[in-house]
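Q: Numbering (the working numbering), first residue to last: 3 to 458.
Even for Gly, the Cβ is constructed at its ideal location relative to N, Cα and C.
Got a structure for you, written out below as structure tokens; questions coming shortly.
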């Protein structure tokens with residue numbers, strides 16, 4: 003049984019929304035059916051919403067049009083990660099509550115305590131029931147979620163003074179799979195005249211639709227949680243659509259001093275095409291690393307090729323700099339196993355680097371290369387071998403006695419001249435740059451490669 007000390011009671015019922023359950027249900031029904039929601043043009047998995055948090059009489063219809071998109075997904079979505087700005091209590095970082103549930107006039111929503119407790123090691127996360135006690139930006143979303151999704155678990159975070167990257171790290175850790183929905187609560191501009199607000203809010207919406215960072219709280223009171231979500235969305239290649247937009251001058255206020263509202267839906271990419279294993283490989287590589295670090299996992303698209311033998315290299319970079327690279331030159335196990343094993347090796351067993359940490363993972367970019375079977379090269383001398391090399395196409399395996407090394411085709415980007423490419427390849431094998439002998443054997447291969455979206 004949930005007691006008063008483990009339950010956050012409603013703080014703004016009767017003010018921002020009706021406190022009577024029957025009246026509240028009627029109001030929600032009106033908000034959710036205020037207009038026919040157009041069929042989304044984005045394909046893929048609905049993963050996140052940005053919705054306003056004013057009183058329902060002002061912004062309920064704008065939020066309701068976004069929440070109506072969730073009705074067909076009620077069986078899939080079992081957990082909601084909800085982020086909104088702190089309005090009442092100053093907080094450094096992101097505040098999590100210590101209670102077991104949040105209540106509304108429609109009943110209580112249990113918190114996902116395991117998920118909240120998993121954030122304890124992050125320096126930007128603090129425990130603060132005070133930050134949540136009177137915070138309306140989160141509470142006004144709860145009756146919508148209860149009505150549309152039914153029984154869910156909640157992960158509420160009140161966002162105070164922090165950075166967009168710190169917010170993004172938290173969102174990434176809680177990303178989960180299809181069962182998890184991310185909701186960002188934010189209004190747009192505040193207290194401008196009607197025409198000026200429309201101009202400002204239109205520009206802000208354009209930035210959000212382009213997944214570009216907002217620069218000011220004047221654009222949106224929830225600029226920080228919005229920016230955190232946009233960082234993750236850009237990294238993962240999410241699509242975005244505007245669902246509705248207006249201001250209080252369009253709903254229940256005068257036009258001399260208005261507040262802006264908009265709702266957006268974000269979609270994970272559609273499943274990979276049948277002939278493209280890239281998304282499936284990237285997801286498995288990242289999940290293999292995340293699993294070792296006890297981080298949240300992402301959905302893994304299926305692909306028929308995963309059961310077939312395959313040879314992969316997994317390359318990790320941070321801000322364009324190499325952070326690890328390990329792979330297989332010959333297909334000797336199923337592709338699914340190979341990419342997972344090489345991802346773990348690249349992250350934790352590349353002798354050139356310290357093992358990857360959980361703090362580094364959100365800023366680490368994963369690339370997977372799928373190799374063709376190596377083919378031997380025939381040549382009379384080094385000059386002949388260099389003439390045969392195809393820059394930006396050939397990966398090369400160098401062997402001489404017990405010395406062996408390889409460069410992926412991607413290395414041509416740093417070493418575009420064949421003689422320079424070969425010299426560095428020999429040095430990688432532990433030989434002088436000018437080494438050559440009759441023992442030298444060369445094989446070449448090609449790759450298909452896939453890389454995660456750039457990290458801003």
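From residue 388 to residue 403, what distance separates their C-alpha atoms?
A: Cα-Cα distance, rounded: 20 Å.
Q: From the DSSP output, read off the bridge partner residues of residue 241.
A: Paired residue(s): 269.
Q: Could you tell me if residue 114 is buried or exposed, where buried requires 16 or more neighbouring beta carbons within 10 angstroms of its beta carbon?
A: Classification of residue 114: buried, given that the 10 Å Cβ count is 16 or more.
Q: With a threshold of 7 Å on Cβ separation, who are the neighbours of residue 199 within its own chain once the five nearest residues in sequence on each side are excluded?
A: If we look at residue 199 and ignore the five residues flanking it on each side, its Cβ neighbours are 191, 249, 260 and 262.
Q: Shortest alpha-carbon distance to residue 413 belongs to which of 225, 392 and 148?
A: Taking only the C-alpha atoms, the option nearest residue 413 is 392.
Q: Does the Cβ-Cβ distance between residue 247 and residue 64 come in under 8 Å?
A: Cβ distance < 8 Å, so residue 247 and residue 64 count as in contact.
Q: Of all the options 325, 316 and 320, which has the alpha carbon lying nearest to the alpha carbon of residue 338?
A: Among 325, 316 and 320, the Cα nearest to that of residue 338 belongs to 316.
Q: Run the CB neighbour count on residue 89, radius 10 Å, all protein chains shown included, and call it buried at 16 or more, exposed below.
A: Exposed, because fewer than 16 other Cβ atoms sit within 10 Å of the Cβ of residue 89.
Q: Excluding sequence positions up to five away, which residues of its chain have a Cβ less than 8 Å from the Cβ of residue 118?
A: Excluding sequence neighbours, residue 118 sits near 98, 99 and 157.
Q: Expressed to the nearest angstrom, what Euclidean distance is found between the alpha-carbon atoms of residue 399 and residue 446?
A: The straight-line gap from Cα to Cα measures roughly 6 Å.
Q: Would a C-beta distance cut-off of 8 Å place residue 171 and residue 364 closer than the cut-off?
A: Closer than 8 Å, so yes.
Q: Quick one, are the C-beta atoms of residue 264 and residue 203 less than 8 Å apart?
A: Yes.
Q: Of all the options 82, 19 and 69, which has the alpha carbon lying nearest to the alpha carbon of residue 58?
A: When each option's Cα is compared against that of residue 58, the closest is 19.
Q: I need the straight-line Cα distance from residue 371 to residue 287, nearest angstrom please.
A: Their Cα atoms are separated by approximately 11 Å.
Q: Do residue 314 and residue 373 have their beta-carbon atoms positioned less than 8 Å apart in this structure?
A: Taking 8 Å as the Cβ cut-off, residue 373 and residue 314 qualify as a contacting pair.
Q: From residue 169 to residue 222, what does the alpha carbon distance come to, in whole angstroms?
A: For residue 169 and residue 222, the distance between alpha carbons rounds to 16 Å.
Q: Indicate the three-state DSSP secondary structure (helix, strand or coil) for residue 18 in the structure shown.
A: Residue state, collapsed to three classes: coil.
Q: Whose C-alpha, out of 138, 278 and 300, is nearest the C-alpha of residue 15?
A: The candidate whose alpha carbon is nearest that of residue 15 is 138.
Q: Let me know the secondary structure DSSP gives residue 110 once reduced to three states.
A: If DSSP states are grouped into helix, strand and coil, residue 110 belongs with the strands.
Q: Among 186, 305 and 342, which residue has its Cα nearest to the Cα of residue 210?
A: Residue 186 is the option with its Cα nearest to residue 210.
Q: Identify which residue in 95, 154 and 86 has its Cα closest to the Cα of residue 72.
A: Ranking 95, 154 and 86 by Cα distance to residue 72 puts 154 first.
Q: Per DSSP, residue 368 is paired with what?
A: Answer is 318, bridged to residue 368.
Q: Is the beta carbon of residue 79 less than 8 Å from the beta carbon of residue 181?
A: Contact: yes.
Q: For residue 109, is the classification buried or exposed, using 16 other Cβ atoms within 10 angstroms of its Cβ as the cut-off for buried?
A: Exposed, by the Cβ-count rule.
Q: When you compare the CB positions of residue 301 and residue 179, do they come within less than 8 Å of one another, or not?
A: A contact, by the Cβ cut-off of 8 Å.
Q: Can you list, in chain order, the stretches of the alpha helix (DSSP H) that have 4 or more residues and sit fully within the stretch 337–365?
A: DSSP runs (the alpha helix (DSSP H)) wholly in the stretch 337–365: 337–350.
Q: If we ignore side chains and look at the alpha-carbon of each, how far apart do residue 298 and residue 177 end up?
A: Approximately 6 Å between the Cα atoms of the pair.
Q: Distance check for residue 207 and residue 449, CA to CA, integer angstroms please.
A: Distance between the alpha carbons of residue 449 and residue 207 is about 40 Å.
Q: Helix, strand or coil for residue 374, going by three-state DSSP, please let me know.
A: Three-state result, residue 374: coil.
Q: Is any beta-carbon of chain D found at less than 8 Å from that of residue 134?
A: This model lacks chain D altogether; it includes just one protein chain.
Q: Tell me which same chain residues have a C-beta within less than 7 Å of the C-beta of residue 226, skipping the five on either side of it?
A: 87, 161, 164, 166 and 169, listed in sequence order.
Q: Taking the alpha-carbon positions, what's the residue 214 to residue 237 distance?
A: About 12 Å.
Q: Does the Cβ of residue 195 have 16 or more other Cβ atoms within 10 Å, making it buried, or fewer, making it exposed?
A: So residue 195 ends up on the exposed side.
Q: What is the rounded straight-line gap between the Cα of residue 95 and the Cα of residue 128?
A: In a straight line, the C-alpha of residue 95 is about 7 Å away from that of residue 128.
Q: Compute the Euclidean distance between the alpha carbons of residue 368 and residue 13, then round it to the nearest angstrom.
A: Going from the Cα of residue 368 to the Cα of residue 13 covers about 44 Å.
Q: Rounded to the nearest angstrom, how far is the Cβ of residue 9 from that of residue 101, given a contact under 8 Å?
A: At roughly 6 Å, the Cβ-Cβ gap stays under 8 Å, so residue 9 and residue 101 are in contact.
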